[in-house]
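Asker: Sharing a structure here in structure tokens format.
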Amino acid sequence: MSGLVGQSSEEVRSPRAESSRHALQGPAYVQYQYGYPHKTAYRAFPEPRTLESVWAGEDQRALSLYLHVPFCEMRCGFCNLFTVAGPVEAVMERFVTTLEREASVVRSALPKAQFARVTVGGGTPSLLPPPLLARALDVLERTLGAPLQDVPFCVEVSPETTTVEKAKLLVDRGVDRISIGVQSFLERETKALARPQDRKLVDTALDVLRDTGVETLNLDLIYGIEGQTPATLLESIGTALRWRPEELYLYPLYVRPRTFLGKSTRAWDDFRLELYRVGRDALLGAGYRQVSMRCFRAAHAPAPFGPAYRCQDDGMVGVGVGARSYTNRLHYSSEWAVSPRAVRGIIDAYCERDDASFDLVHHGIALDEAEQRRRHLILSLLADGLDAQVYRQKFEREAAADFPELEQLVEAGLATSNAAGWTLTPAGLERSDAVGPWLQSEKVTSMMKEYEVK
Ligand SMILES: C[S@@+](CC[C@H](N)C(=O)[O-])C[C@H]1O[C@@H](n2cnc3c(N)ncnc32)[C@H](O)[C@@H]1O
Ligand code: SF4
Numbered sequence: 331m332s333g334l335v336g337q338s339s340e341e342v343r344s345p346r347a348e349s350s351r352h353a354l355q356g357p358a359y360v361q362y363q364y365g366y367p368h369k370t371a372y373r374a375f376p377e378p379r380t381l382e383s384v385w386a387g388e389d390q391r392a393l394s395l396y397l398h399v400p401f402c403e404m405r406c407g408f409c410n411l412f413t414v415a416g417p418v419e420a421v422m423e424r425f426v427t428t429l430e431r432e433a434s435v436v437r438s439a440l441p442k443a444q445f446a447r448v449t450v451g452g453g454t455p456s457l458l459p460p461p462l463l464a465r466a467l468d469v470l471e472r473t474l475g476a477p478l479q480d481v482p483f484c485v486e487v488s489p490e491t492t493t494v495e496k497a498k499l500l501v502d503r504g505v506d507r508i509s510i511g512v513q514s515f516l517e518r519e520t521k522a523l524a525r526p527q528d529r530k531l532v533d534t535a536l537d538v539l540r541d542t543g544v545e546t547l548n549l550d551l552i553y554g555i556e557g558q559t560p561a562t563l564l565e566s567i568g569t570a571l572r573w574r575p576e577e578l579y580l581y582p583l584y585v586r587p588r589t590f591l592g593k594s595t596r597a598w599d600d601f602r603l604e605l606y607r608v609g610r611d612a613l614l615g616a617g618y619r620q621v622s623m624r625c626f627r628a629a630h631a632p633a634p635f636g637p638a639y640r641c642q643d644d645g646m647v648g649v650g651v652g653a654r655s656y657t658n659r660l661h662y663s664s665e666w667a668v669s670p671r672a673v674r675g676i677i678d679a680y681c682e683r684d685d686a687s688f689d690l691v692h693h694g695i696a697l698d699e700a701e702q703r704r705r706h707l708i709l710s711l712l713a714d715g716l717d718a719q720v721y722r723q724k725f726e727r728e729a730a731a732d733f734p735e736l737e738q739l740v741e742a743g744l745a746t747s748n749a750a751g752w753t754l755t756p757a758g759l760e761r762s763d764a765v766g767p768w769l770q771s772e773k774v775t776s777m778m779k780e781y782e783v784k
């Protein structure tokens, strides 16, 4: 199965016990499993496919719509998202004009699509000047027909690009969740992340967002920063709580700081695990509920509204270069890169596409039934748990029989099971970034290994 299956100890153990021992004791921070399969398992298709053929037979009544804005004011030292720093306005204008063309083609190919949730992410969507931001929202509402006022609608912003005008525009257009990347309230820590950030601007942005009346404010913080201690993490969390965020994400840093270069993976893991536990306990103590390894939700957060949606079940239509799209049987996206030159090349190529080309998808991964089941397993287990009945209804099979790994997780103390299904224990939650990769299929794991990041 996966890289977590390691060498045997002096004791004689069954392969199953051995595997779960490594899931429990091996490196805790292997990879953030925010989706499955990972985008590094995507490849060029032998033949391009039309949108209509890709979406044929898919339930299009409650899709998710995602717009990717691939621009930021700066490139943070830790980030490998698909984005380019410091674009001039003409570049952003050209992007939005291309987005308008792309969305018209997508709408023609999927005339019946109905959207149950909308996210604008990046990058930093709030970098767009207000007129361009308004045009991008028009694309979602008018061209693609998403009922922005009536469905959960989330936009990502950064402190430096949050203004009263933009925040008001977003909320007026129906945004009910704004997610802001803060990372740390200590300037020396954001500096260590190669994300110089003026603390005063952070406070102002948070005041602006709260004053605008957005229903759900989410803050991202990072742990594992060079020089960070339990006390400074608690200082950041305590400061964040002054704005009473409905949600808070604690992200482990995935770039080894200088102090840990040359030191063992274990020491670097232990540093992050200690900070994770301190942060988790502080948030639980403040009345937050842990939704997943990273996500904590306040008791005062509004109950989810809008049509029922579960990312394991429903499709996602992605627009804007760098966005991924998911049907049950095929995931696709534009090409992906990290180096500024390669990202710029992909954005340029997007803007040069003619209308007809937006009807074709070239790059992604097909999911056979076994991979669809595995996707459901991984995404459910790492979030609110795997419901045995939901699995049975969806696949007409038994999860326990399909995945002996579930029993291994229980044996290892990483999950609990009952008649309803399986959920991760606190030990399993903190090792989500090891459990997720361990649950991947061999095929996906080996394709990811072969991938060369540009
Ligand atoms: C799209 S950004 C959020 C919005 C905005 N671009 C910003 O940075 O303020 C997504 C979030 O992912 C997290 N992130 C990205 N790369 C990371 C990494 N290598 N390690 C830890 N967290 C990371 C950061 O917390 C960041 O806020
Ligand atoms: S963390 Fe946010 S602002 Fe920084 S490069 Fe990544 S997407 Fe851009």
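Here the sequence shown is numbered in my numbering, starting from 331 and rising by one per residue. We put the beta carbon where it would ideally sit given N, CA and C, even for glycine.
1) May I ask which residues mark the beginning and end of the alpha helix (DSSP H) holding THR746?
2) For the beta strand (DSSP E) that ARG820 lies in, which residues bound it at each end?
3) May I ask you to report which of helix, strand or coil DSSP gives ASP714?
4) Could you check where the beta strand (DSSP E) with CYS625 kicks off and where it finishes?
5) Buried or exposed for PRO441, please, with buried defined as at least 16 other CB atoms from any protein chain shown within 10 angstroms of its CB.
6) Let's test the definition: count the other Cβ atoms within 10 Å of the Cβ of GLN719 and tell me whether it reaches 16, buried, or not, exposed.
7) Report all residues from its chain with a CB closer than 8 Å to the CB of ALA358; omit the five preceding and five following residues, and keep chain order.
8) Kindly provide the ranges of any alpha helix (DSSP H) runs that are 4 or more residues long and lie completely inside the region 385 to 463, ordered along the chain.
9) Anyone know if the C-beta pair for GLU565 and ASP506 falls short of 8 Å?
10) Run through DSSP, which three-state label would VAL676 get?
11) Out of curiosity, what's the CA-to-CA distance linking PRO734 and PRO367?
12) Closer than 7 Å to a non-hydrogen atom of ligand 2 - does that hold for the CB of CYS409?
13) Taking 7 Å as the cut-off, is the beta-carbon of ILE676 closer than that to any non-hydrogen atom of ligand 4?
14) How is PHE375 classed by DSSP in three states: helix, strand or coil?
15) Can you tell me whether VAL585 sits near ligand 1, meaning its C-beta is under 7 Å from at least one heavy atom of the ligand?
16) Would PHE425 and CYS681 be called neighbours here (beta carbons separated by less than 8 Å)?
17) Given this structure, state the Cα-to-Cα distance separating VAL673 from ALA667, to the nearest angstrom.
18) Would SER434 pass as a contact of THR473 if the rule is Cβ separation under 8 Å?
19) Can you name, in chain order, every residue of its own chain whose Cβ lies under 6 Å from the Cβ of ALA415, other than the five neighbours on each side?
20) Quick one, which of THR493, GLY694 and ALA757 has its alpha-carbon nearest TYR781's?
21) Quick one: is the Cβ of CYS484 within less than 7 Å of any heavy atom of ligand 2?
22) Considering only DSSP beta bridges, list what ASP550 is partnered with.
23) Tell me the DSSP secondary structure of PHE733 in three-state form.
24) Please determine whether the Cβ atom of GLY511 lies at a distance below 7 Å from any heavy atom of ligand 1.
25) Are the Cβ atoms of LEU549 and ARG540 separated by less than 8 Å?
26) Just tell me which of GLY766, LYS779, THR775 and MET777 has its CA closest to the CA of GLN363.
27) Ordered along the chain, which non-local residues of its own chain (more than five positions away) have a Cβ less than 7 Å from that of GLU726?
28) Hey, quick one: how far does the beta strand (DSSP E) through VAL649 stretch, first residue to last?
29) Would you say the beta carbon of CYS625 is closer than 7 Å to some non-hydrogen atom of ligand 2?
30) Can you check DSSP and say which residues form a bridge with ILE695?
31) In chain order, what residues of the same chain have a beta carbon less than 6 Å from the beta carbon of ALA696, not counting five sequence neighbours either side?
32) Where LEU463 and LEU429 are concerned, what is the direct C-alpha to C-alpha distance, given to the nearest angstrom?
33) Judging by CA-CA distance, which residue of VAL691, GLY743, GLU772 and VAL512 is the nearest neighbour of LEU523?
34) Alpha carbon to alpha carbon, how far is HIS692 from TYR662? Give it in angstroms, no decimals.
Answerer: Short version:
1) Annotation: THR746 is outside any alpha helix (DSSP H); the continuous beta strand (DSSP E) that includes it extends over 745 to 748.
2) An answer regarding residue 820 cannot be provided, because it is not within the stretch 331 to 784 covered by the chain.
3) ASP714 falls in the coil class under three-state DSSP.
4) Here the beta strand (DSSP E) through CYS625 covers 625 to 627.
5) The residue in question, PRO441, is exposed, as its Cβ has fewer than 16 Cβ neighbours within 10 Å.
6) Of the residues assessed, GLN719 falls on the exposed side of the cut-off, its CB having fewer than 16 other CB atoms within 10 angstroms.
7) Excluding positions up to five away in sequence, the list reads ASP599, ARG602, LEU603, GLU760, ARG761, ASP763 and ALA764.
8) Complete alpha helix (DSSP H) runs here, min 4: 419 to 439.
9) Not closer than 8 Å, so no.
10) The sequence as given places Ile at residue 676; Val does not occur at that position. Three-state result, ILE676: helix.
11) Distance between the alpha carbons of PRO734 and PRO367: 20 Å.
12) Yes, the Cβ of CYS409 comes within 7 Å of a heavy atom of ligand 2.
13) Ligands displayed in this structure: ligand 1 and ligand 2; ligand 4 is not among them.
14) In this structure, PHE375 counts as strand in the three-state DSSP scheme.
15) Indeed, a heavy atom of ligand 1 lies less than 7 Å from the Cβ.
16) Yes.
17) About 5 Å.
18) Yes. Within cutoff.
19) Cβ neighbours of ALA415 beyond the five flanking positions: CYS402, MET404 and ARG405.
20) When only C-alpha atoms are compared, the closest one is GLY694.
21) CYS484: no, Cβ never under 7 Å from ligand 2.
22) DSSP output for ASP550 lists GLY511 and TYR579 as bridge partner(s).
23) Here DSSP, grouped into helix, strand and coil, assigns PHE733 to coil.
24) Using a cutoff of 7 Å, the CB of GLY511 counts as near ligand 1, since one of the ligand's heavy atoms is closer than that.
25) Cβ distance not < 8 Å, so LEU549 and ARG540 don't count as in contact.
26) That would be GLY766, whose Cα lies nearest to the Cα of GLN363.
27) The answer is none, since no qualifying residue turns up.
28) VAL649 -> beta strand (DSSP E) spans 646 to 649.
29) CYS625: no, Cβ never under 7 Å from ligand 2.
30) HIS661.
31) So the list reads LEU660, once near-sequence residues are dropped.
32) Between LEU463 and LEU429, the C-alpha separation is close to 12 Å.
33) It is VAL512 whose Cα lies nearest to the Cα of LEU523.
34) Linking TYR662 to HIS692 through their CA atoms gives a straight-line distance of about 8 Å.
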